Amino acid sequence: MLKYDEEVLPTKWYNVVPDLPEPLPPPLSRAQDGSSIELLNRIIPREILRQEFSFNRYENIPEEVRDLYRLVGRPTPLIRANRLEEFLGYRGKIFLKYEGATVTGSHKINTAIPQAYYASRESVTGVATETGAGQWGTATTLAAALTGLHSKVFMVRVSYDQKPLRKTVMALYGGEVVASPSVETKFGRKMLQKDPRSTGSLGIAISEAVEYALDHDMKYMVGSVMNSVLSHQSIIGQETMKQLEITGEEPEAMIGCVGGGSNFGGFVFPFISNGKIEMIASTASEVPKFSRGKYDYDAMDTAGILPYVKMYSLGSDFIPPPIYSGGLRYHGAAPSLSILVKSGRISSQEVEEKEVLAALEIFARSTGIVAAPESGHAIASAIRYAKDHRHDPKTVVLNVSGHGNFDLSIYGGRAR
Amino acid sequence: MNLTLYFTMGYPDNESLAMFVRKGRDLGAERIELGFPCSDPRYDGPAIKNTHRSALLSYSDSSAREMLRDLSRDGLSAYALAYFSSISGDPGSFLAKVRDFGFSGLMLPDLITDYFHDAERIIRNVEGEGLEFIPFVSQATPDSVVRKLSALTESWIYYGLLPSTGVSLPTSMESIYLRARELLGGREICFGFGIRTPSQIRELRILGADGIAIGSALVDYLEHRDIPGFTSFLEGVNAVRN
Ligand SMILES: Cc1ncc(COP(=O)(O)O)c(C=O)c1O
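Chains A and B, in that order, are what the protein sequence lines are. Just so we're aligned, residue 1 is where the first sequence starts under the working numbering, counting upward by one. Just so we're aligned, residue 1001 is where the second sequence starts under the working numbering, counting upward by one.
Laid out in structure tokens, this is it:
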């Protein structure tokens, strides 16, 4: 192990809750009988559940998990995007943290590993989950393979059809993939009955995966939104902090994209107590959760099996337009992130798919990185930021949550 | 380690409740916490939610007043619990009622989560009525908020171990206790939510907790008006807490 890597790879996960400006509202059970909070005992590994409701500022990362982090390519690089600065005529600095450098191609592996690791230490047959873009499903199937577990993935229909190669990768890792809504669960069948041509949604796929896990004695892997997931993702921000420190840089603005909020939260939360840093959450105009969503209790899944949490949400039955960024089509945003947006500590902005495509192209030509369309929102916001601060140059750090090597059809009509 | 018993007023009926409260007092409980029934006890688990649903039909001010009169005659401190959402229409007359009934203090479990920006003003109003305000904090309460609440008040503090009453979730009592102690220093901390077994109580005692509160674990005895069961449960609690 290189000395640099050892210095940069964190030994603890950071949880932002003790440092929030207001209390985190507790989850609510809307179950008619029993408690949907207690139900989590059946589908979430014990240790993950303990972390979820413990809110300790720091949790130790087990050495076995750090080993797996190294195996999948951590720490990921922090790169000075000087050609992008030149292209934009920007006199400030732009750094990018590249989560696409992990073997599965996104930040999702950062939480898939600990969840599968803790699941594998209990007597379960396997893990089940949903996936939108396919990044989370890929991370889950690899983490399951590395910890000796079977995996089952419910993939949102629209992505299933748009991204056939993602299915191939997941199958290569040993995962079993079905399009959602599927006929394999009660909830999926109900959705298909309502609309046989449903393109699906993350909320529906989550409902199916949870139901499947409950019925098959499996653990359910949580892709985003929950507190423990954002904590696991804090290794992104902690690595960035160390890397900036080594480089001798002070960040002034941090920008990332938000689906459920996990890559963004993981990236910026470790910096939250530094009030001088501006933080910008970039979302899809087509899924305007912060501007049009309501901050209130809502279901995390469409079926409402999981507890309700207080968050910005467009409604758990929201069916988003079929934009390419599958990972940003989720109806809500993590409760801790929602509080920070509501309080004004974090600002948000929206980007349309057209602007995202243009940004991805500029980015590819100036950094060589074919970024994920989700990350394209963050890139577009960073480009806007550079334009707005032409006369007030700042040090900007941008999180590129994944690569877009499986999303090339997005350029179909364009590449010349 | 002192013991607080939680009951929802009016459950299972006014007469039986008075009997349980008296029995609890005889068995050495230092404090009685009495909930005003409401239609949306959102942060409670299934057992206590049921007591609210049923108590809404049977609760009456006059029998509550009478029970309180009995309690204060014996010098037992009684604390009221109410969801702020259910009294926010007219908090003034509710506070006056709580004081007139003879309660020592008031706990509002939804205040700092759902009315964060009004909390300080409301706490001052409660104290202005001559009532102790009992802050309710949990692991989800940020450090700065815990510090602020502890600076604003002088009473004992209720610390919720879990996100809801009466559910069971994996926890590490030790790390919860150490964090609470670090933030609250020498303040009296009473731990509640999900306490039902002797081993939990023993662990909290060994750690140094000042008190425990038990609520959901009593509901079955109340429902079946099972005084002998209630008695032997509390004897078991006493055996480990003292
Ligand atoms: C590459 C990529 N970025 C971002 C996201 C959005 O999720 P989150 O906001 O939880 O990071 C996803 C989700 O699938 C993704 O695959």
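A virtual CB, placed ideally from N, CA and C, is assigned to each residue, including glycine. This structure is a prediction, so every number in the text was calculated from the model and none was measured.
**Beta carbon of Cys257(A) nearer than 8 Å to that of His377(A)** = Taking the first sequence and counting its residues from 1, the one referred to as residue 257(A) is at position 257. Taking the first sequence and counting its residues from 1, the one referred to as residue 377(A) is at position 377. With respect to His377(A), Cys257(A) sits close: the two C-beta atoms are nearer than 8 Å.
**Message:** Can you tell me whether Arg416(A) is buried or exposed? The criterion is at least 16 other CB atoms within 10 Å of its CB, across all chains shown.
**Reply:** Against the first sequence, residue 416(A) aligns to sequence position 416. Note that Arg416(A) scores a pLDDT of 41, beneath 50, so its modelled location is shaky and nothing firm can be said.
**Prompt:** To the nearest whole angstrom, what separates the beta carbons of Phe55(A) and Pro18(A), a pair I think is in contact under 8 Å?
**Reply:** Locating residue 55(A) in the first sequence gives position 55, where the first residue counts as 1. Locating residue 18(A) in the first sequence gives position 18, where the first residue counts as 1. Contact flag correct, Cβ pair sits at about 6 Å.
**Request:** With DSSP as the reference, label Glu47(A) as helix, strand or coil.
**Result:** Position 47 of the first sequence, counted from the start, is the residue given in the question as residue 47(A). Helix.
**Prompt:** How about the segment 1188–1202 of chain B and the segment 1159–1172 of chain B: do they share at least three Cβ pairs that are nearer than 8 Å?
**Reply:** Taking one beta carbon from each stretch, the segment 1188–1202 of chain B and the segment 1159–1172 of chain B have 3 or more pairs nearer than 8 Å; the two touch.
**Item:** Start and end residues, alpha helix (DSSP H) containing Tyr98(A)
**Value:** The count along the first sequence starts at 1 and reaches residue 98(A) at position 98. Counting along the chain, Tyr98(A) falls outside any alpha helix (DSSP H), though it belongs to the beta strand (DSSP E) covering Lys93 to Tyr98.
**Request:** Kindly examine ligand 1 and report whether one of its heavy atoms sits closer than 7 Å to the Cβ of Ala372(A).
**Result:** In the first sequence, the residue the question calls residue 372(A) occupies position 372. Yes, Cβ of Ala372(A) sits closer than 7 Å to a heavy atom of ligand 1.
**Request:** Give the straight-line distance between the Cα atoms of Met1019(B) and Pro1041(B), rounded to the nearest whole angstrom.
**Result:** Locating residue 1019(B) in the second sequence gives position 19, counting from the first residue. Locating residue 1041(B) in the second sequence gives position 41, counting from the first residue. Separation of Met1019(B) and Pro1041(B) (C-alpha to C-alpha, rounded to the nearest whole angstrom) is 24 Å.
**Item:** chain A contacts from the segment 1067–1085 of chain B (Cβ-Cβ distance under 7 Å)
**Value:** Hits within the stretch: zero.
**Prompt:** Does the separation of the CB atoms of Gly1028(B) and Leu1003(B) fall below 8 Å?
**Reply:** For this step, residue 1028(B) is matched to residue 28 along the second sequence. For this step, residue 1003(B) is matched to residue 3 along the second sequence. Closer than 8 Å, so yes.
**Asked** Can a CB atom of chain B be found closer than 8 Å to the CB of Arg50(A)?
**Response** Indexing the first sequence from 1 puts residue 50(A) at position 50. Against chain B, the CB of Arg50(A) has a partner CB under 8 Å away; the residue lies at that interface.
**Residue(s) in a DSSP beta bridge with Val1137(B)** = Here residue 1137(B) corresponds to residue number 137 of the second sequence, with the count starting at 1. Residue pairing by DSSP places Val1137(B) opposite Tyr1159(B) in a beta bridge.
**Message:** Going by DSSP in three states, Val400(A) sits in which element: helix, strand or coil?
**Reply:** If you number the first sequence from 1, residue 400(A) lands on position 400. Three-state result, Val400(A): strand.
**Prompt:** How about Pro114(A): is its C-beta nearer than 8 Å to some C-beta of chain B?
**Reply:** Along the first sequence, one-based indexing puts residue 114(A) at 114. With 8 Å as the cut-off, Pro114(A) does not count as an interface residue toward chain B.
**Message:** Which residues does DSSP list as the beta-bridge partners of Arg80(A)?
**Reply:** Stepping through the first sequence from its first residue, residue 80(A) is reached at position 80. Paired residue(s): Phe95(A).
**Request:** Pull up the distance between the alpha-carbon of Ser1072(B) and that of Ala1078(B), whole angstroms please.
**Result:** By 1-based counting over the second sequence, the position of residue 1072(B) is 72. By 1-based counting over the second sequence, the position of residue 1078(B) is 78. Using only the alpha carbons, I get a separation of about 8 Å.
**Message:** If you reduce the DSSP assignment to three classes, tell me which class Gly132(A) lands in.
**Reply:** The residue you call residue 132(A) lines up with position 132 of the first sequence. Correct three-state label for Gly132(A): coil.
**Request:** Say whether chain A places a C-beta atom closer than 8 Å to the C-beta of Val1219(B).
**Result:** Within the second sequence, numbered from 1, the residue matching residue 1219(B) stands at position 219. No - not a single Cβ of chain A is within 8 Å of the one on Val1219(B).
**CB contact flag (Pro320(A), Ser201(A), <8 Å)** = Counted from its first residue, the first sequence places residue 320(A) at position 320. Counted from its first residue, the first sequence places residue 201(A) at position 201. Here Pro320(A) is near Ser201(A), since their CB atoms are less than 8 Å apart.
**Prompt:** Quick one: does Thr1008(B) have its CB under 8 Å from some CB of chain A?
**Reply:** Locating residue 1008(B) in the second sequence gives position 8, where the first residue counts as 1. False, the Cβ-Cβ gap to chain A never drops below 8 Å.
**Proximal chain A residues relative to Val1167(B), where beta-carbon distance stays under 7 Å** = Residue mapping note: residue 1167(B) aligns to position 167 of the second sequence, counting from 1. Neighbours of Val1167(B) on chain A, chain order: Ser35, Ile37 and Glu38.
**Asked** On the three-state DSSP scale, how would you describe Ala415(A)?
**Response** Numbered from its first residue, the first sequence carries residue 415(A) at position 415. Confidence is the limiting factor: at Ala415(A) the pLDDT is only 43, short of 50, which leaves the residue's position unreliable and the question unanswerable from this model.
**Asked** Quick one: complete alpha helix (DSSP H) runs, 4+ long, within the segment 244–309 of chain A?
**Response** If we require 4 residues or more, the alpha helix (DSSP H) runs fully inside the segment 244–309 of chain A come out as 262–268 and 289–292.
**Request:** List the residues of chain B whose Cβ lies closer than 7 Å to the Cβ of Leu28(A), in chain order.
**Result:** By 1-based counting over the first sequence, the position of residue 28(A) is 28. Neighbours of Leu28(A) in chain B, taken as residues at a C-beta separation under 7 Å, are given in chain order as Arg1042.
**Euclidean distance between Cα positions of Glu1203(B) and Ile61(A)** = Here residue 1203(B) corresponds to residue number 203 of the second sequence, with the count starting at 1. Here residue 61(A) corresponds to residue number 61 of the first sequence, with the count starting at 1. Approximately 26 Å, taken between the alpha carbons.
**Request:** Consider the C-beta atom of Leu328(A) and the heavy atoms of ligand 1; say whether any pair is separated by less than 7 Å.
**Result:** By 1-based counting over the first sequence, the position of residue 328(A) is 328. True, at least one ligand heavy atom lies under 7 Å from that Cβ.
**Request:** Measure the alpha-carbon distance for Ser1232(B) versus Leu1222(B) and round it to whole angstroms.
**Result:** Counted from its first residue, the second sequence places residue 1232(B) at position 232. Counted from its first residue, the second sequence places residue 1222(B) at position 222. Note on geometry: alpha-carbon atoms of Ser1232(B) and Leu1222(B) lie some 14 Å from one another.
**Message:** Is there a C-beta anywhere in chain B that falls below 8 Å from the one on Phe271(A)?
**Reply:** In the first sequence, residue 271(A) corresponds to position 271, counting from 1. It does not; no Cβ of chain B falls within 8 Å.
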